[in-house]
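From first to last, the protein sequence lines are chains A and B. In the working numbering, each residue's number is its place in the first sequence (first place is 1) plus 38. In the working numbering, each residue's number is its place in the second sequence (first place is 1) plus 2. Glycine included, every Cβ here is placed at the ideal spot set by N, Cα and C. The structure displayed is predicted, hence computed values, not measured ones. Reviewing the structure listed below.
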Amino acid sequence: MSSKVAETRKKEIKEALFDIIVTDGIRHLTTKNLARRAGLSEGTLYRHFGSKNEIFQSIAYDVEEELLKDLQKIALSKQSPEKRLKLFICHHYSYLTSHRGINILLFSLASYNDDKKLLNTLSHIFHLQKKYFCKIVTDGMVKGIWDTSVSPEKLSEFYMGIPTTLNIEINLEKGKLPNDSVCLQIFLLVIKILDK
Amino acid sequence: MATKRVRKTGDERREEIKESILDIVFTEGMHKLSTRYLAQKVGVSEGALFRHYPSKKAMIEDIIGDVNTQMVGHLKNIAETDKSPLLRLDEYITFTLNFLYHKKGITLLLFTEASYQNDEGLKHTMDSIYKSQKQYFTKIVLDGITEGIWDDTIDVENLSRLYMGIPVTLNIEMILNSESFDHDTFCNEMKTIILKVLSKN
């Protein structure tokens, strides 16, 4: 099997996994169900991933590659802090709403899983999002644009409630998403906090 | 009768069981929450555990019921008093964060059970707890805007959404930075942030 085929297979397995999470709930995520949904035998499944935790680890890696790299790029770009903040919030928001299964999975794993390596990765993912957001805020304060009496750390903690709130809403509303203007509205609220 | 009761009452036992559940969830994680381990923590047999509750699900439902009566009910009262919106907002945030701080593990339990189990009944209760909290918060904010104290140009719906993230953030911070986390500072900073959003420029 060529590595390209193997990669495609892995991707299909991960897609089947999200499909189970979104339609049936994580409780039904057994390797047996997963193999069936992906159209493979359990044996074939184990040729691609040694364990369920290996699949989770691979998904966490995808999040680092897909989401965190983009957020980092935005946070470190040469644009004005205000522009970066807007891009950051909207990119973050659109990723979270278009990757519904990932969002549910990461949060459930953080409380249900006891694999140390995986938990470290999850904690790392959380911290990086907060760190990049904090960087933009601090830059704006250093430039004298924003109110320095606001704690960048605490504002970042406040901001990080958004992913969790979205997760709850998406989950409860059965996939009915808040509309696109939400990220702009949230941006305006954050700007108000930062205004001098 | 002057005899002391040595045996704990059913209510006392059920309280103990619920406290142990939250303790396990917060300090060790949901995956540790088996009835066997729970019985060991409470110091009773598994059989005794099932004399108080027919199933683990029933225990969790009882905890969720407590949230409804002890927290959501109280929040409704705070939101609907005659006090000034500023005072109500302060009490509202303080009460919510203190409740969740003292019942560590409850947010995690509520939040993950609904998505993990994909249980319709549980989701429905969760939905109602979430929406009530958001709705009462919205009421206080709208009252303040009507009274002319706060900015009438802000997007109240999304402010409420942002506010609803605070309890979960509190939980994540407590777990990730358990040593350096300071509850009072966190509580005060969150109030400052919310008031800044509401302030008229």
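Should residue i go down as buried or exposed, given a rule of 16 or more other Cβ atoms within 10 Å for buried?
{"i": "residue 50 of chain B", "result": "exposed"}
{"i": "residue 155 of chain B", "result": "exposed"}
{"i": "residue 167 of chain A", "result": "buried"}
{"i": "residue 79 of chain B", "result": "exposed"}
{"i": "residue 46 of chain A", "result": "exposed"}
{"i": "residue 171 of chain B", "result": "buried"}
{"i": "residue 44 of chain A", "result": "exposed"}
{"i": "residue 68 of chain A", "result": "exposed"}
{"i": "residue 99 of chain A", "result": "exposed"}
{"i": "residue 215 of chain B", "result": "Look at the range of chain B in this structure, 3 to 203, and you will see that residue 215 of chain B is not part of it."}
{"i": "residue 232 of chain A", "result": "buried"}
{"i": "residue 199 of chain A", "result": "buried"}
{"i": "residue 9 of chain B", "result": "exposed"}
{"i": "residue 160 of chain B", "result": "buried"}
{"i": "residue 182 of chain B", "result": "exposed"}
{"i": "residue 146 of chain B", "result": "buried"}
Of the residues the options, which one's Cα is nearest the Cα of residue i?
{"i": "residue 225 of chain A", "options": "A/52, A/142, A/85 and A/130", "result": "A/130"}
{"i": "residue 112 of chain A", "options": "A/205, A/174 and A/221", "result": "A/174"}
{"i": "residue 206 of chain A", "options": "A/54, A/142, A/74 and A/56", "result": "A/142"}
{"i": "residue 280 of chain B", "options": "B/153, B/159 and B/168", "result": "Shown here, chain B extends from 3 to 203; a query on residue 280 of chain B therefore has no answer."}
{"i": "residue 117 of chain A", "options": "A/53, A/199, A/178 and A/54", "result": "A/178"}
{"i": "residue 95 of chain B", "options": "B/169, B/181, B/182 and B/17", "result": "B/169"}
{"i": "residue 29 of chain B", "options": "B/135, B/141 and B/174", "result": "B/174"}
{"i": "residue 134 of chain A", "options": "A/60, A/227, A/199 and A/204", "result": "A/204"}
{"i": "residue 65 of chain A", "options": "B/21, B/189 and B/115", "result": "B/115"}
{"i": "residue 132 of chain B", "options": "B/77, B/17 and B/31", "result": "B/77"}
{"i": "residue 202 of chain A", "options": "A/221, A/145, A/94 and A/53", "result": "A/145"}
{"i": "residue 119 of chain A", "options": "A/132, A/170, A/70 and A/94", "result": "A/170"}
{"i": "residue 138 of chain A", "options": "A/186, A/60, A/150 and A/53", "result": "A/60"}
{"i": "residue 84 of chain B", "options": "B/32, B/141 and B/136", "result": "B/141"}
Please report the straight-line C-alpha distance between residue i and residue j, rounded to a whole angstrom.
{"i": "residue 196 of chain B", "j": "residue 87 of chain B", "result": "13 Å"}
{"i": "residue 163 of chain A", "j": "residue 12 of chain B", "result": "44 Å"}
{"i": "residue 91 of chain A", "j": "residue 153 of chain A", "result": "8 Å"}
{"i": "residue 109 of chain B", "j": "residue 86 of chain A", "result": "36 Å"}
{"i": "residue 127 of chain A", "j": "residue 100 of chain B", "result": "29 Å"}
{"i": "residue 184 of chain A", "j": "residue 190 of chain A", "result": "11 Å"}
{"i": "residue 55 of chain B", "j": "residue 39 of chain B", "result": "15 Å"}
{"i": "residue 144 of chain B", "j": "residue 157 of chain B", "result": "11 Å"}
{"i": "residue 195 of chain A", "j": "residue 19 of chain B", "result": "32 Å"}
{"i": "residue 50 of chain A", "j": "residue 76 of chain A", "result": "7 Å"}
{"i": "residue 124 of chain B", "j": "residue 75 of chain B", "result": "18 Å"}
{"i": "residue 106 of chain A", "j": "residue 179 of chain B", "result": "21 Å"}
{"i": "residue 46 of chain B", "j": "residue 53 of chain B", "result": "11 Å"}
{"i": "residue 140 of chain A", "j": "residue 149 of chain B", "result": "43 Å"}
{"i": "residue 122 of chain A", "j": "residue 198 of chain B", "result": "22 Å"}
{"i": "residue 21 of chain B", "j": "residue 122 of chain B", "result": "25 Å"}
task: Specify whether the region 152 to 160 of chain A and the region 192 to 212 of chain A touch according to this definition: at least 3 beta carbon pairs, one from each stretch, less than 8 Å apart.
output: Segments in contact, no.
message: For the pair the region 63 to 72 of chain B and the region 124 to 132 of chain B, tell me if three or more CB-CB distances fall below 8 Å.
response: yes
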